[in-house]
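*Asks:* Using full-length UniProt numbering, you'd call the opening residue of the sequence shown number 1 and step up by one each time. Even glycine gets a Cβ: it sits at the ideal position worked out from N, Cα and C.
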Amino acid sequence: MSPVKKSSLATYLQSTNQNFFTIYTDWFRQMKYRLRSLNLTHPQFQILATVYGLSLSEPEVTQIMVAKAADVDAMTASSIITKLSRDDLLDRFPGKKSPRSKALSLTEAGERKLQEALDTVNTFNQDYWSQFDPTLVDQMAAVMPIVKSHHF
Numbered sequence: 001m002s003p004v005k006k007s008s009l010a011t012y013l014q015s016t017n018q019n020f021f022t023i024y025t026d027w028f029r030q031m032k033y034r035l036r037s038l039n040l041t042h043p044q045f046q047i048l049a050t051v052y053g054l055s056l057s058e059p060e061v062t063q064i065m066v067a068k069a070a071d072v073d074a075m076t077a078s079s080i081i082t083k084l085s086r087d088d089l090l091d092r093f094p095g096k097k098s099p100r101s102k103a104l105s106l107t108e109a110g111e112r113k114l115q116e117a118l119d120t121v122n123t124f125n126q127d128y129w130s131q132f133d134p135t136l137v138d139q140m141a142a143v144m145p146i147v148k149s150h151h152f
């Protein structure tokens with residue numbers, strides 16, 4: 001006889017965890033589909049948006065700053081940044097404060113690609129989330145401070 005209790009499985013399948021996973025999977029699949037038409041992955045979009053966002057308030061944007069702000073580990077951020085640099089969407093150069101650090105900025109092509117992606121993502125988000133109870137978005141915003149305080 002299996003040690004797995006059917007009631008435990010039923011509880012899990014009806015749980016908030018499973019519901020969240022299902023919603024996330026649907027949202028992410030649709031987001032990937034839209035960004036694919038721009039030859040971008042979602043993490044690449046996140047990095048482009050983060051580099052640009054940081055550049056609005058920081059005199060120099062480094063890879064480490066981008067990794068932290070985008071909530072991506074440094075190695076993953078580095079490989080994404082390398083790819084975006086090869087695709088001429090990011091300029092990567094020695095930092096002014098420390099030549100060992102890499103500073104970043106969007107190229108003109110990167111700015112155009114980011115604007116296209118922002119238009120696509122903003123339209124998608126509007127369409128996707130409008131299918132749900134409007135208070136859901138407010139509820140998600142309300143839990144963000146708790147989510148952002150989790151550091152594992």
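(1) Just to confirm before moving on: does the CB-CB distance between Leu35 and Phe45 stay below 8 angstroms?
(2) How would you label Ala74, buried or exposed, when you count the other beta carbons within 10 angstroms and need 16 or more for buried?
(3) Exposed or buried, Gln63, counting other C-beta atoms within 10 Å across all chains shown (16 or more means buried)?
(4) Taking only runs of the beta strand (DSSP E) that begin and end inside the UniProt domain "HTH marR-type" (6 to 149), which ones reach a length of at least 3 residues, in chain order?
(5) Tell me whether the segment 18 to 37 and the segment 64 to 71 touch, counting them as touching only if at least three CB pairs, one residue from each stretch, are closer than 8 angstroms.
(6) Quick check: the segment 98 to 114 against the segment 80 to 89, are at least 3 beta-carbon pairs closer than 8 angstroms?
(7) Could you tell me whether the Cβ atoms of Ala103 and Val61 are closer together than 8 angstroms?
(8) Kindly list the residues whose CB is nearer than 7 angstroms to the CB of Ser78, restricted to its own chain and excluding five residues on each side of it in sequence; keep chain order.
(9) Within the same chain, show all residues whose beta-carbon is closer than 8 angstroms to that of Leu84, passing over the 5 residues directly before and after it, in chain order.
(10) Anyone know if the C-beta pair for Leu9 and Lys113 falls short of 8 angstroms?
(11) Does the beta-carbon of Thr50 have 16 or more other beta-carbons within 10 angstroms, so that it is buried, or is it exposed?
(12) Is it buried or exposed for Ile81, if we count other Cβ within 10 angstroms and need 16 for buried?
(13) For Gln139 and Tyr52, what's the separation of their Cα atoms in angstroms?
*Replies:* Per the coordinate set shown:
(1) Cβ distance < 8 angstroms, so Leu35 and Phe45 count as in contact.
(2) Exposed, because fewer than 16 other Cβ atoms sit within 10 Å of the Cβ of Ala74.
(3) The residue in question, Gln63, is buried, as its Cβ has 16 or more Cβ neighbours within 10 Å.
(4) Whole beta strand (DSSP E) segments, 3+ residues: 90 to 94, 102 to 106.
(5) A contact is defined here as three or more CB-CB pairs under 8 angstroms, and the segment 18 to 37 fails this definition with respect to the segment 64 to 71.
(6) The way I'd put it, the segment 80 to 89 does touch the segment 98 to 114; three or more beta-carbon pairs between them come closer than 8 angstroms.
(7) The Cβ atoms of Ala103 and Val61 sit closer than 8 angstroms to each other.
(8) These residues qualify, in order along the chain: Gln63.
(9) Sequence-distant partners of Leu84 (beyond 5 residues in either direction) whose C-beta falls short of 8 angstroms from its own C-beta, in its chain, are Gln44, Ile47, Leu48, Leu90, Gly110.
(10) Result no, Cβ atoms of Leu9 and Lys113 do not sit closer than 8 angstroms.
(11) By the neighbour-count criterion, in which 16 or more other beta carbons inside 10 Å mark a residue as buried, Thr50 falls on the buried side.
(12) Ile81 comes out buried.
(13) Cα to Cα, Gln139 sits roughly 28 angstroms from Tyr52.
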